Amino acid sequence: MAKKLAAECLGTFALVFAGTGAIVIDEVTGGGVSHVGIALTFGLIVLAMVYTLGDISGAHINPAVTIGFWAARRFESREVLPYIVSQCTGAFLASTALRLLFPANITLGATLPTGPRFNLSSSN
0 MAKKLAAECL GTFALVFAGT GAIVIDEVTG GGVSHVGIAL TFGLIVLAMV YTLGDISGAH
60 INPAVTIGFW AARRFESREV LPYIVSQCTG AFLASTALRL LFPANITLGA TLPTGPRFNL
120 SSSN
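Using numbering that gives the first Met the number 0, read the sequence shown as starting at 0 and increasing by one per residue.
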């Protein structure tokens with residue numbers, strides 16, 4: 000079980016570090032990576048992690064995938080929480096590494112809402 004959890008942690012680290020890192024690099028370079036490059040980065044890192052870790056842990060690398068497998072009864076209940084903790088740990092470590100590498104980048108690739116502000120308190 001420890002090998003599976005380490006694989007999930009490593010896979011999620013790679014996904015968050017590469018994917019979010021591509022977004023950060025795109026922001027830093029003023030669009031040098033592009034939306035296509037970001038999408039390719041996410042897709043290729045998932046592909047690489049599935050090939051690398053699929054035989055070890057199933058390469059869920061995302062708590063939503065783990066919960067989906069559990070809901071479909073393709074994953075044991077006793078393994079769900081350890082997998083999710085391992086995946087969240089990998090994501091946290093990757094985000095910490097990116098924060099250390101890019102301290103000036105405030106959002107670190109977060110998706111932020113844009114457009115006109117919506118005021119709930121005004122009556123129309």
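Every residue, glycine too, gets a C-beta built ideally from N, C-alpha and C.
All figures in this text were calculated on a predicted structure; none of them were measured in a lab.
Identify whether residue i lies in helix, strand or coil by the three-state DSSP scheme.
| i | result |
| --- | --- |
| GLU75 | coil |
| ARG98 | helix |
| VAL32 | coil |
| PRO115 | coil |
| THR110 | coil |
| ILE24 | helix |
Relative to the C-alpha of residue i, which residue among the options is closest?
| i | options | result |
| --- | --- | --- |
| THR95 | ALA13, LEU46 and ALA1 | ALA13 |
| GLY108 | GLY20, ALA90 and GLY29 | GLY20 |
| THR65 | ILE55, THR28, LEU52 and VAL79 | VAL79 |
| PHE16 | LEU92, GLY42, LYS2 and ASP54 | LEU92 |
How close, in whole Å, do the beta carbons of residue i and residue j come, if the pair is a contact with beta carbons under 8 angstroms?
| i | j | result |
| --- | --- | --- |
| ILE83 | PRO62 | 5 angstroms |
| ILE44 | GLN86 | 14 angstroms between Cβ atoms; not a contact. |
In or out: residue i buried (at least 16 other Cβ within 10 Å) or exposed?
| i | result |
| --- | --- |
| GLY57 | buried |
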